[in-house]
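First the structure, in the form of structure tokens, and then the observations on it.
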Ligand code: HEM
């Protein structure tokens, strides 16, 4: 091997201790002191290097989704979708693509319990031959808000109170009393759905609408769904208390153990599709991330399967340094005009540059598996061996050329500058229908969880009435039952 071209990991194999620079360490137990007791000499480089490394072991945790577990595996196409997309990794049944998945909770810290009521992240990085495709989804098919301008405020309201560092219902009730579009998400979060039993028994959703484009440039709107082959399971409150009280990492453990014993978790990938010309002809806006596409009108079509058959080799390298970004799509898949998705295209790469540094895509877990090349240069922690003398473009000395052109959405864009709410909000129809689909006991559990938030002593009468108004518009029976519950506590 060319000693000048080594990768750090390939040399991490000496039989004896060394410093980071490779000098042998003959005593890893005792500091270098004057006499047996000390003081310690500043020239004890071994000690200061060891402590300096330790002092820097932690990187900033993710601002959301800090708590998570990752696993590796593959995606295999099972159904031909080449009429819908020219995506290379979807080119034909049987094609396999390596991937890594990270499941997470959203609101609390890196070491928080995995039994909390919270959406779960469901993020998949496909290492395709045409670059990485990150499908950064959740376990709930809709979202709280539809405009990214509101995301930081929304997260602040759900995170602990900045004064007490305690998550408090009155702050959540207050913020969302201004956001009727969140009611649909709450019919998942405050339903039994809100505490999945573990990561294996969880559905996943791309949540946003994306665009598939085929080789002829034809566009199709699409939503992605992951269906676990072992079915979905949830924890009710008393079960969650026992599971979480026994092991605050139960979901990470379940994922790790099931893969270790060869019981590989598997999901089917399905899509719903819609012709873009149809998008204006429904009672809801299909690009609105607070809406689902009814499955009776837009049936689920199978595409492939994902199998997780390998645990991470190192949690820090493959979980903490793992960096997703919804902007990472591949030819044949494009973003829709969903405003929330458009905001995410900026936010993730920005946060990764803060969390991991400008060269975060060079880290092994994030780097493409396919050949790649450009003139993006240098910066902190650039450990890629580059020997070229031409780092500009165009150049008559550099044979690198443009890739072949691939189709992108061709619909003309026009409009005035606006800061506006979408015209077809339709905030209450889908949450109402979802509530009515619950059996009576499940409806009661949902109402009890809403009441729990509204009964917080600092939730005001005004806020309670706004929530009651919103939920009554979803379903009048729901409103009556909630009102009765609040009146029984004499808080309405
Ligand atoms: C404009 C709205 C949103 C913004 C600004 C936003 C921002 C962020 C940020 C800054 C992170 C931390 C990333 C990191 O440090 O690695 C994150 C993580 C994540 N977000 Fe969002 N987010 C938004 C909406 C959503 C939505 C709608 C979904 C689901 C469809 C989602 C799913 C996730 C997931 C799964 C992760 C964790 C990825 C991982 O496991 O590393 N986010 N988000």
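Numbering (our numbering), first residue to last: 18 to 509. We put the CB at the ideal spot given by N, CA and C, even for glycine. Keep in mind the model is a prediction, meaning the values are calculated, not measured.
Candidates the options, of which the one nearest residue i by Cα
{"i": "residue 475", "options": "180, 56, 187 and 89", "result": "187"}
{"i": "residue 369", "options": "37, 55 and 80", "result": "80"}
{"i": "residue 298", "options": "287, 306, 288 and 310", "result": "310"}
{"i": "residue 319", "options": "286, 495 and 338", "result": "286"}
{"i": "residue 346", "options": "313, 229 and 467", "result": "229"}
{"i": "residue 102", "options": "91, 455 and 227", "result": "227"}
{"i": "residue 441", "options": "151, 98 and 306", "result": "306"}
{"i": "residue 38", "options": "28, 431, 46 and 45", "result": "28"}
{"i": "residue 321", "options": "143, 157 and 78", "result": "143"}
{"i": "residue 509", "options": "363, 468, 372 and 98", "result": "468"}
{"i": "residue 282", "options": "288, 458, 330 and 217", "result": "217"}
{"i": "residue 270", "options": "85, 479, 255 and 344", "result": "85"}
{"i": "residue 302", "options": "250, 415 and 438", "result": "438"}
{"i": "residue 389", "options": "484, 419 and 154", "result": "419"}
{"i": "residue 90", "options": "416, 30, 473 and 330", "result": "330"}
{"i": "residue 421", "options": "40, 253, 493 and 232", "result": "232"}
{"i": "residue 275", "options": "300, 242, 324 and 263", "result": "324"}
{"i": "residue 378", "options": "485, 95 and 344", "result": "344"}
{"i": "residue 153", "options": "191, 364 and 193", "result": "364"}
{"i": "residue 267", "options": "312, 151, 234 and 215", "result": "215"}
{"i": "residue 473", "options": "40, 184, 141 and 150", "result": "184"}
{"i": "residue 308", "options": "225, 405, 487 and 334", "result": "225"}
{"i": "residue 458", "options": "501, 253 and 304", "result": "253"}
{"i": "residue 280", "options": "196, 88, 64 and 393", "result": "88"}
Proximity of residue i and residue j at Cβ, strictly below 8 Å
{"i": "residue 219", "j": "residue 137", "result": "yes"}
{"i": "residue 145", "j": "residue 261", "result": "no"}
{"i": "residue 391", "j": "residue 340", "result": "no"}
{"i": "residue 326", "j": "residue 273", "result": "no"}
{"i": "residue 375", "j": "residue 397", "result": "yes"}
{"i": "residue 445", "j": "residue 491", "result": "yes"}
{"i": "residue 123", "j": "residue 135", "result": "yes"}
{"i": "residue 162", "j": "residue 198", "result": "yes"}
{"i": "residue 366", "j": "residue 387", "result": "no"}
{"i": "residue 358", "j": "residue 242", "result": "no"}
{"i": "residue 174", "j": "residue 484", "result": "no"}
{"i": "residue 66", "j": "residue 36", "result": "yes"}
{"i": "residue 304", "j": "residue 338", "result": "no"}
Residue i to residue j span [Cα, whole Å]
{"i": "residue 277", "j": "residue 208", "result": "32 Å"}
{"i": "residue 430", "j": "residue 354", "result": "10 Å"}
{"i": "residue 222", "j": "residue 412", "result": "44 Å"}
{"i": "residue 206", "j": "residue 212", "result": "8 Å"}
{"i": "residue 166", "j": "residue 336", "result": "28 Å"}
{"i": "residue 315", "j": "residue 288", "result": "9 Å"}
{"i": "residue 50", "j": "residue 43", "result": "15 Å"}
{"i": "residue 466", "j": "residue 255", "result": "13 Å"}
{"i": "residue 395", "j": "residue 59", "result": "33 Å"}
{"i": "residue 62", "j": "residue 245", "result": "52 Å"}
{"i": "residue 259", "j": "residue 32", "result": "45 Å"}
{"i": "residue 409", "j": "residue 362", "result": "27 Å"}
{"i": "residue 47", "j": "residue 402", "result": "37 Å"}
{"i": "residue 121", "j": "residue 83", "result": "7 Å"}
{"i": "residue 478", "j": "residue 498", "result": "17 Å"}
{"i": "residue 128", "j": "residue 371", "result": "21 Å"}
{"i": "residue 436", "j": "residue 159", "result": "22 Å"}
{"i": "residue 40", "j": "residue 404", "result": "28 Å"}
{"i": "residue 45", "j": "residue 34", "result": "8 Å"}
{"i": "residue 417", "j": "residue 407", "result": "10 Å"}
{"i": "residue 333", "j": "residue 55", "result": "35 Å"}
{"i": "residue 182", "j": "residue 164", "result": "27 Å"}
{"i": "residue 506", "j": "residue 481", "result": "12 Å"}
{"i": "residue 57", "j": "residue 180", "result": "41 Å"}
{"i": "residue 140", "j": "residue 52", "result": "56 Å"}
{"i": "residue 493", "j": "residue 257", "result": "31 Å"}
{"i": "residue 312", "j": "residue 99", "result": "22 Å"}
Rounded distance between the beta-carbons of residue j and residue i, thought under 8 Å
{"i": "residue 471", "j": "residue 495", "result": "Contact flag wrong, Cβ pair sits at about 13 Å."}
{"i": "residue 424", "j": "residue 148", "result": "At roughly 16 Å, the Cβ-Cβ gap does not stay under 8 Å, so residue 424 and residue 148 are not in contact."}
{"i": "residue 265", "j": "residue 130", "result": "4 Å"}
{"i": "residue 251", "j": "residue 210", "result": "6 Å"}
{"i": "residue 488", "j": "residue 200", "result": "7 Å"}
{"i": "residue 300", "j": "residue 155", "result": "About 24 Å separates the two Cβ atoms, so there is no contact after all."}
{"i": "residue 427", "j": "residue 234", "result": "6 Å"}
Any non-hydrogen atom of the ligand NAD within 7 Å of residue i CB
{"i": "residue 121", "result": "No copy of the ligand NAD occurs in the structure displayed; its ligands are the ligand HEM alone."}
Open item on the list: Could you check whether the segment 448 to 460 touches the segment 164 to 172, counting it as contact only if at least three pairs of C-beta atoms, one from each stretch, sit closer than 8 Å?
Closed with: Between the segment 448 to 460 and the segment 164 to 172 there are fewer than three inter-stretch CB-CB distances shorter than 8 Å, so the stretches are not counted as touching.
Examine the Cβ distances between the segment 100 to 107 and the segment 338 to 355 and report whether three or more of them are shorter than 8 Å.
-> These segments touch.
| query | Any contact of the segment 232 to 248 with the segment 287 to 296, i.e. 3+ C-beta pairs under 8 Å? | reply | A contact between stretches requires three or more CB pairs, one per stretch, nearer than 8 Å, and the segment 232 to 248 meets this requirement with the segment 287 to 296.
Query raised in the report: If you pair each beta-carbon of the segment 55 to 74 with each one of the segment 110 to 123, do three or more pairs fall below 8 Å?
Result: Flag = no, the segment 55 to 74 and the segment 110 to 123 do not touch.
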